[in-house]
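First comes the structure, then the notes that go with it.
There are 2 protein chains.
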Amino acid sequence: MNWILLPSLMVSFLAFGLAFWLLLWIKRQPQENIRIREIGSYIKQGDRTFLKKEYKMLMWFTLVAGTLILIFLPKFIWEGSIVDNVWMTVSYVFGTIFSAIAGIIGMEVATSANMRTAEAAKKGIKPAFLVGFRGGSVMGMAVVGGSLLGVSLVFFLVGNSEALLGFSFGASSLALFAKAGGGIFTKTADISADLVGKVELGIPEDDPRNPAVIADNVGDNVGDVAGMGADLFDSNVASMSAALVMAISLDGVYGNSKHTTTVFVFAILGLLASMIGILFARMGKKGGPTSALNKSTYITTLLYAALTGLATYLLNINWRIYGAAMIGLVVGVIIGITSDLFTNDRHKPVRTVAEASKSGSALTIISGMSYGFLSVMPSMVGIAVSALGAYLILDPLGPFYGMFGISMAAVGMLSIVGMIISNDAYGPIVDNARGLAEMGNLGHEVLDITDELDSAGNTVKAVTKGFAIGAAGLTVIALLGAFMTEVNMTIVERGLSVPLLTGFDVIDPVVFFGLLVGATVPAVFSALLMLGVGKNAQKMVKEIHRQFDEIEGLKEGKDGIVPEYDKCIEIGTIGALKELIPAGLLAIVITLLVGFIGGVRAIGGFLTGNIITGLLLALFMSNSGGLWDNGKKFIEAGNHGGKGSDAHKAAVVGDTVGDPFKDTAGPSINTQITVVSLVASLMSSLFLLYSLF
Amino acid sequence: MNWILLPSLMVSFLAFGLAFWLLLWIKRQPQENIRIREIGSYIKQGDRTFLKKEYKMLMWFTLVAGTLILIFLPKFIWEGSIVDNVWMTVSYVFGTIFSAIAGIIGMEVATSANMRTAEAAKKGIKPAFLVGFRGGSVMGMAVVGGSLLGVSLVFFLVGNSEALLGFSFGASSLALFAKAGGGIFTKTADISADLVGKVELGIPEDDPRNPAVIADNVGDNVGDVAGMGADLFDSNVASMSAALVMAISLDGVYGNSKHTTTVFVFAILGLLASMIGILFARMGKKGGPTSALNKSTYITTLLYAALTGLATYLLNINWRIYGAAMIGLVVGVIIGITSDLFTNDRHKPVRTVAEASKSGSALTIISGMSYGFLSVMPSMVGIAVSALGAYLILDPLGPFYGMFGISMAAVGMLSIVGMIISNDAYGPIVDNARGLAEMGNLGHEVLDITDELDSAGNTVKAVTKGFAIGAAGLTVIALLGAFMTEVNMTIVERGLSVPLLTGFDVIDPVVFFGLLVGATVPAVFSALLMLGVGKNAQKMVKEIHRQFDEIEGLKEGKDGIVPEYDKCIEIGTIGALKELIPAGLLAIVITLLVGFIGGVRAIGGFLTGNIITGLLLALFMSNSGGLWDNGKKFIEAGNHGGKGSDAHKAAVVGDTVGDPFKDTAGPSINTQITVVSLVASLMSSLFLLYSLF
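Which chain is which? The protein sequence lines are A and B, in order.
If you want the numbering used here, it's the 1-based position in the first sequence plus 89.
If you want the numbering used here, it's the 1-based position in the second sequence plus 89.
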């Protein structure tokens, strides 16, 4: 047993303690407005309906996948030891349960925090900000505490790399469906509410007459809070697992546990730094909510650099490893800043798109997409440079160290993920608060405050998404290395007469075949999700029309006339669950097909192709979506004719197109890449033994 | 001297003869309507203005690039033999001149054929079809005859692979600018004319009152005819060159000229098959123009298969080589058919998008993009399978044969390129004829006929574009092999102490670095082109507004009031030339940067990344653009409310977004990939000697 287990467990529980304290603090905040309470409870109910149905379905998936793992992995149950298979299955199930719990906690607190943020806004922006941010922090702490706890337990109880990958796969597979399902739901509701409400009838956003308005708020929670939490839980677990798999093989080669300890030290300190950053986050005398969010992010970053530096010195860790982690951290910040450049209305891209909107929506789309494509370059070059730098800085230490360097860069980049999640979950909470303030008739001053909080959420979102995608990129590169390690371990263990893999050569036609096929998966996956949104939105629009037509007095807003909110929630839920299955299964099934046809070399190419276009499309979609959103807001702030002008109408089209980009497809691609990488690693020995080529 | 030179030259001249005969035939067709003649001459003048300015600018580029080649390539002039450098420079200049001539011929005949097609439509659809098709065929024969002639001359006069790559680079660099410049011009004019004419004022397409209407027609010629001709000239030359570079190294190894002869035989027979197919193309008693176009394509394909089979038997060529070429041919047809599936209004995608348009333009865009992303899968899997198949079928013959197989598959896929170009150039000719018929008041019956011809052009376009992209994909894969060959030849020749390249391993961090950077280039390149279109369109829209405001009686269509057509043409020309430079240079400069920083391994990754996302984006853009176009036409045919309905307005937005996708960015990406591959091969020795890593 390694001494690091104790601090790992302690810090995880500290994070849970902080989360619990913040939760109690939020619950203590006043909530008096009856109308808001009523609507808030509708939202809470809707959230629970969706999550219950979703998790029920995922339970079946978990059962099937768990059974398959039990029989086949890491070895066929009749070939290897039953104990290994049981542990792996337990780890897998464990991963799914942790992921689900993180989602549920985040969503429960979000629905409590949103009401209280609206209420607090009556007293001013500072208290409202604090409630919103602390609501997000509960989620942040739960996710990061949970991932550290889970990884520690699996690592120290089971202690092999397959079990870690199994745990990670549990987290990923759930995240894939949670993110995709939530993403489809949230944008179905958002688009439908906007199309009929804002565009057709010209009633304000969040108008309680709109039958889809509650569904829209539910969507924010299940998509942006629960889904996003599952997504970052997955990234965090995957980056730690990839680093640990490498570390185990290094420790094995060099016969100690130095490298695994190092990984835990860096993860623990990241969580500690985030906790301190969260406690100090509040709006100062000067500066708005955006600078408050950014300030605490930068404090956390600096703190992390200092703490890990100190630990490196005290624990006698090689400074090169520290260097690799710092490369990840710094490049993460740079990627965030360049995302900001493309999505913040202070810079040229958003302004140009807003300007182009004056000539109609086609030019809004063309210019926004163009900037979206441009925006991929700085981030991808950043990922490329950090991967290369991290590899080269550790390469002199010996064989296999280069890849370990990349995984440490990913750990470094994700170190402050607790902070990132807090910022990210803050967004939907204040967005919901805005809706509640509108529906509760809290007046213009309160709306202005919630608007400002909301806009800060949108701005910061671009930065956090850049971070998340960058980290996912590094993680999957490291997982590519993990895959190769797994294959070679199988070859050695089974004494197979095939040569050890030294890499994946693109001149090898089998690798190139995999490369081309893998490259199409993120495109097809995101297309299926977006088509799902489009299909469901048409159904929901029809339902909204029906209610406005059939329920007397609804359009006029007669007192006591309430639309049938639950009908829209039901359409959204059923539709989302129906649409996410083909998309999620597709990614997994194609991986299996390529593996069993082309073998491990084809899978090497497949993963590479998948990573490359996955990153490209994820960045493109996130950034262009954010850009359109802010372009619309820029016009709404009174530019180019302001609200209701032709430019505004065109910008609304851009925003609507951007919605499934940035909140459904874009962020789901992250998870899709991770899932595919993990499936490949888990199946590596089967692909090796039973492929056509 | 190889005996194959003689038949090569003969068949090239035969192609020129056929082109000349067809040209004379077209000139003999009547053209009586004075109004059409007048407008036709406006168009011709506009075409010449654009091409003159464009080629003048490209002359400077060629001069600079030629001088650089003279000094540095294939070796530094002070190191190697001056003669080699002179030959290479001559080959390069030769490539640019051939490409320019092909463009000019195509455009001149297009402007003659469009008037006569309109005139012939008075007599019925069959004669009109024949004029339009034969106009396209002149271009087809000029391009394919020119490429065979050029490659033969360079190969037999200079006889080394560098000179071939130089010739190919000349063709590519010109194509890059011609395609991008023409593409920007054509869509600037198209979008501007539509935005003010159709959308704002509600006047018909091609209404002579619209000041941008001539520019729009000029755009069809310079973008779709001249640009596309340059593009396919480039692809054809590149595929032959890549195959010949491989063949030379195989002949070198095995000490004969069998493989180079084989390449020429397959190219010659492709041209012959296309000539026969062209002569037999006409509308039968049954079936419309679409089936006439398709029929002649399939006849050519079958003829090619038979002729090459016969030659393989008679000349005792290895049947495996025949097999590789056939794989390319068959997969080309399959890619074409799947493109049709996504863009033809008889199938689900177009219908779904048209249906979605009823709920507003945002859903038109979302669903169209989604199908565009879906559509990449069958084509890319097709390319993957054909590359793998062609490699494996030739691999048993010995080392280096696998890559030769891939290049032969590309030759096979491009074999019927003469037919493809004829079909492709037919499109803009009949599109222009439709415009002329409208402007010349030829009446509704003639308009109906030209509409039907136009729609056939659009349908067939999707198939030919799929073909072109597939072939470009295989060619650049082969060029990746050519790059490696060039590097290894340098290592051997110079006796360098570095190991020979055996491939590009994605686990190598330098390769992975190149991979990530290369993947961003097609995205950034297409973004710059589309931003160029957006920027210019805003300028042109302003100019159109100015004319409608300032020229009295123009809006009302008073007799004798003519808009200032040339002003719009000037804006389009200057804007296009200004915007294409950064995009074109970007691709080249980044290649040089990556090469001099990361060296040849980084370039291997860079080319691979570039190929993968390049194919993905080119297919996505071509197919979604075609889909939106046909979705709009489907609604205009009377579905979902027909012209003027809300669904139609939404579909017009989709079509406008799709325009720069399918006619500017998408097809330019092809050329961009080829140029980058050739730059890499040409610079290989410099990268090897002077890179940081």
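For each residue, glycine too, the CB sits at the ideal point set by N, CA and C.
All of these numbers come straight from a predicted model, not from anything done at the bench.
Straight-line Cα distance separating T389/A from L147/A: For the purposes of this step, residue 147/A is identified with residue 58 of the first sequence, where counting begins at 1. For the purposes of this step, residue 389/A is identified with residue 300 of the first sequence, where counting begins at 1. If you take the alpha carbons of L147/A and T389/A, they lie about 35 Å apart.
Short CB-CB distance (under 8 Å) between L147/A and chain B: For this step, residue 147/A is matched to residue 58 along the first sequence. It does not; no Cβ of chain B falls within 8 Å.
Proximity below 8 Å, CB of L358/A to CB of Y393/A: The residue you call residue 358/A lines up with position 269 of the first sequence. The residue you call residue 393/A lines up with position 304 of the first sequence. Against a cut-off of 8 Å, the Cβ pair of Y393/A and L358/A comes out as a contact.
Bridge-paired residues (DSSP) for D594/B: Position 505 of the second sequence holds residue 594/B. Answer is D594/A, bridged to D594/B.
Cβ of Y480/B within 8 Å of any chain A Cβ: For the purposes of this step, residue 480/B is taken as residue 391 along the second sequence, with counting starting at 1. Closer than 8 Å: yes.
Proximity to S713/B [Cα-Cα], best of K550/B, A676/B, G698/B: If you number the second sequence from 1, residue 713/B lands on position 624. Among K550/B, A676/B, G698/B, the Cα nearest to that of S713/B belongs to K550/B.
Residues near G229/A in its chain [Cβ-Cβ closer than 6 Å; skip 5 each side]: Numbered from its first residue, the first sequence carries residue 229/A at position 140. Closer than 6 Å at the Cβ level, and outside the excluded window around G229/A, lie G507, I510, S511.
Environment of F165/B [buried if 16+ CB atoms lie within 10 Å]: Here residue 165/B corresponds to residue number 76 of the second sequence, with the count starting at 1. Classification for F165/B: exposed.
Nonlocal neighbours in the same chain, by C-beta distance under 7 Å from W114/B, ignoring five residues either side: Here residue 114/B corresponds to residue number 25 of the second sequence, with the count starting at 1. Answer for W114/B: R223, listed in chain order.
Simplified DSSP assignment, three categories, for H407/A: As a first step, residue 407/A must be located in the first sequence, where it is residue number 318. The identity of residue 407/A in the sequence shown is Asn, whereas the question assumes His. The answer is coil: DSSP assigns N407/A none of H, G, I, E or B.
Short CB-CB distance (under 8 Å) between D594/A and chain B: As a first step, residue 594/A is located in the first sequence; it is residue number 505 there, counting from the start. Yes, D594/A counts as interfacial toward chain B.
Spatial neighbours of T745/B in its chain, beta-carbon cut-off 8 Å, leaving aside the 5 residues before and after: As a working mapping, residue 745/B is identified with position 656 in the second sequence. Correct list, in chain order: I280, D283, L284.
The region 440 to 456 of chain A contacting the region 725 to 742 of chain A, beta-carbon criterion three pairs below 8 Å: yes
Beta-carbon neighbours of V500/A, restricted to chain B and to distances below 7 Å: Here residue 500/A corresponds to residue number 411 of the first sequence, with the count starting at 1. By Cβ distance, chain B contributes nothing, its closest Cβ being about 17 Å from V500/A, past 7 Å.
Own chain partners of G135/B with C-beta closer than 7 Å, once the 5 adjacent residues on each side are dropped: For the purposes of this step, residue 135/B is identified with residue 46 of the second sequence, where counting begins at 1. Here the set comprises I303, A304, V307, I658.
Segments assigned alpha helix (DSSP H), at least 4 residues, entirely inside the region 174 to 255 of chain B: 214 to 246
Nearest residue (CA-CA) to L696/B, options G570/B, K732/B, E668/B, I670/B: In the second sequence, the residue the question calls residue 696/B occupies position 607. Closest in alpha carbon position to L696/B, among G570/B, K732/B, E668/B, I670/B, is G570/B.
Beta carbon of A672/B nearer than 8 Å to that of F601/B: Indexing the second sequence from 1 puts residue 672/B at position 583. Indexing the second sequence from 1 puts residue 601/B at position 512. No; because the gap between Cβ atoms is not below 8 Å, this pair is not in contact.
Chain A contact for Q627/B (CB, 8 Å cutoff): Taking the second sequence and counting its residues from 1, one reaches residue 627/B at position 538. Yes, its Cβ sits closer than 8 Å to a Cβ of chain A.
Beta-carbon proximity list for V599/B, same chain, < 6 Å, skipping 5 on both sides: Position 510 of the second sequence, counting from 1, holds the residue named residue 599/B. The residues are G687, R690, A691, F782.
Per-residue DSSP class, three states only, for Y144/B: As a first step, residue 144/B must be located in the second sequence, where it is residue number 55. Three-state DSSP puts Y144/B in a helix.
Three or more C-beta pairs below 8 Å linking the region 719 to 739 of chain A and the region 539 to 554 of chain A: yes
Straight-line Cα distance separating E639/B from Q627/A: Numbered from its first residue, the first sequence carries residue 627/A at position 538. Numbered from its first residue, the second sequence carries residue 639/B at position 550. Going by the C-alpha atoms only, they are around 45 Å apart.
Under the three-state DSSP convention, the category G532/A falls into: Residue 532/A sits at position 443 when you count from the first residue of the first sequence. Three-state DSSP puts G532/A in coil, outside helix and strand.
The region 713 to 747 of chain A: positions lying closer than 7 Å to chain B by Cβ: V742, T745, V746
Alpha carbon of A413/A to alpha carbon of V354/A, nearest angstrom: For the purposes of this step, residue 413/A is taken as residue 324 along the first sequence, with counting starting at 1. For the purposes of this step, residue 354/A is taken as residue 265 along the first sequence, with counting starting at 1. Taking the straight line joining both Cα atoms gives about 14 Å.
S380/A classed as buried or exposed, judged by whether at least 16 other C-beta atoms fall within 10 angstroms: Position 291 of the first sequence, counted from the start, is the residue given in the question as residue 380/A. With fewer than 16 other Cβ atoms within 10 Å, it is exposed.
Contacts around L404/B, its chain only, beta-carbon distance under 7 Å, and the 5 residues preceding and following it disregarded: In the second sequence, counting from the first residue as 1, residue 404/B sits at position 315. These residues qualify, in order along the chain: V354.
Chain A residues whose Cβ lies nearer than 8 Å to that of T156/B: Position 67 of the second sequence, counted from the first residue, corresponds to residue 156/B. Per Cβ cutoff of 8 Å: no residues; T156/B is ~30 Å from chain A at best.
Rounded C-alpha distance that separates K145/B from I558/B: Working through the second sequence from its first residue, we reach residue 145/B at position 56. Working through the second sequence from its first residue, we reach residue 558/B at position 469. Cα to Cα, K145/B sits roughly 29 Å from I558/B.
CA-to-CA distance, G312/A to I518/A, given in whole angstroms: Taking the first sequence and counting its residues from 1, the one referred to as residue 518/A is at position 429. Taking the first sequence and counting its residues from 1, the one referred to as residue 312/A is at position 223. So the two alpha carbons sit approximately 12 Å from each other.
Exposed unless 16 or more other CB atoms sit within 10 angstroms - verdict on M573/B: In the second sequence, the residue the question calls residue 573/B occupies position 484. By the 10 Å Cβ count, M573/B comes out buried.
Among T441/A, M469/A, T351/A, the one whose alpha carbon lies nearest that of I406/A: Here residue 406/A refers to the residue found at position 317 when the first sequence is read from its first residue. Residue nearest to I406/A within the set T441/A, M469/A, T351/A is T351/A (criterion: CA-CA distance).
Under 8 Å between C-beta atoms of A726/B and N759/B: For this step, residue 726/B is matched to residue 637 along the second sequence. For this step, residue 759/B is matched to residue 670 along the second sequence. Contact: no.
Residue-level contact to chain A via CB, T609/B, 8 Å cutoff: Locating residue 609/B in the second sequence gives position 520, where the first residue counts as 1. Yes, T609/B counts as interfacial toward chain A.
Within-8 Å CB hit, A616/A to chain B: Against the first sequence, residue 616/A aligns to sequence position 527. Closer than 8 Å to some Cβ of chain B, the Cβ of A616/A qualifies, so yes.
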